[in-house]
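A.B. asks: If you scroll down you'll find the structure; I have some questions about it.
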Amino acid sequence: MTIRATNQADVIPLRPLPTAADPAPQGLPREPLWRDLVGEVLRRERRAQGRTLKDVSEASRISMAYLSEVERGRKEASSEVLAAAAQALGLSLADVLALAGERLVSLTAARTRTRSRSLGTAGGHRPVRTTGPAGPMGGVLLAA
110 MTIRATNQAD VIPLRPLPTA ADPAPQGLPR EPLWRDLVGE VLRRERRAQG
160 RTLKDVSEAS RISMAYLSEV ERGRKEASSE VLAAAAQALG LSLADVLALA
210 GERLVSLTAA RTRTRSRSLG TAGGHRPVRT TGPAGPMGGV LLAA
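Now the structure itself:
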C-alpha cells in the first residue's frame, strides 16, 4: 500500500486579477509595485556603471541569485539589503528611494493621462498632485 502525496499548494496571487464586477479599463497600465520600481532602479544603475551582477553581488555581500530576483521585482528586499546594494553601487539608500519615487511619479502621471483619455476627461489629462503629505517639493515620505 502506497500513499501518494500531492504537490499542490495554496497560491496567493500577488497581483489580483480583475473580476467581472470590477474590470480594469482596456489599455490602462497597472499601478507599479514598489519592489518593481526599486529593482528597476538598481538594475539601471548597475548597467549604467557597466558592472556585472556578480560584481555588485560580491561588493554588497548579497547572493547573486537573490540580487537578481530583487532587480527583477520578484523579491521584496529588506532595508538592510537595499542599503547594501545601494552602497555597492556608490549610492545611498535615500538615492535609490528618491529615484524609485521619481519613476513612480512619472508612471503615475502617464497612467492618469491614459485613464483620462479613456474616460474622455476634458483636456485629456488630470494633473498629478504636487502638494500634500510630501510637501510642495514633491518628495517621498515613507512610514514604517
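Start counting the sequence shown at 110; every next residue gets the next number (my numbering).
In this text, a Cβ means the ideal position worked out from N, Cα and C, and glycines have one as well.
Please read these numbers as outputs of a predicted model, since none were measured by experiment.
1. If I measure Cβ to Cβ from residue 184 and keep anything under 6 Å in the same chain, skipping five residues before and after, which residues do I get?
2. When DSSP labels each residue in this structure, what does residue 140 get in the three-state scheme?
3. Go ahead and label residue 154 buried or exposed: buried means 16 or more other beta carbons lie within 10 angstroms of its beta carbon, across all protein chains shown.
4. Go ahead and pull the three-state DSSP assignment for residue 163.
5. Sorted by chain position, which residues of the same chain lie with C-beta nearer than 8 Å to residue 119's C-beta, five sequence neighbours on each side aside?
6. Let me make sure I understand the geometry here. Which of 218, 219, 208 and 221 has the alpha-carbon closest to that of residue 146?
7. Would residue 151 and residue 189 qualify as a contact pair, given that the criterion is a beta-carbon distance under 8 Å?
8. Given a threshold of 16 other Cβ atoms within 10 Å of its Cβ, counted over all protein chains shown, does residue 166 qualify as buried or as exposed?
C.D. replies: In short:
1. Mapped onto the sequence shown, residue 184 falls at position 75. The answer, listed in chain order, is 178.
2. Counting from one through the sequence shown, the residue named residue 140 turns up at place 31. If DSSP states are grouped into helix, strand and coil, residue 140 belongs with coil.
3. Sequence index remark: in the sequence shown, residue 154 carries index 45 (1-based). By the neighbour-count rule (16 or more Cβ atoms within 10 Å), residue 154 is buried.
4. The residue given as residue 163 occupies position 54 in the sequence shown. DSSP places residue 163 in helix when its eight states are reduced to three.
5. In the sequence shown, counting from the first residue as 1, residue 119 sits at position 10. Contacts found: none.
6. On the sequence shown, residue 146 is found 37 positions in, with the first residue counted as 1. The candidate whose alpha carbon is nearest that of residue 146 is 208.
7. Your numbering for residue 151 matches position 42 in the sequence shown. Your numbering for residue 189 matches position 80 in the sequence shown. In this structure, residue 189 does not lie closer than 8 Å to residue 151 by Cβ.
8. Within the sequence shown, numbered from 1, the residue matching residue 166 stands at position 57. It is buried - the Cβ of residue 166 has at least 16 other Cβ atoms within 10 Å.
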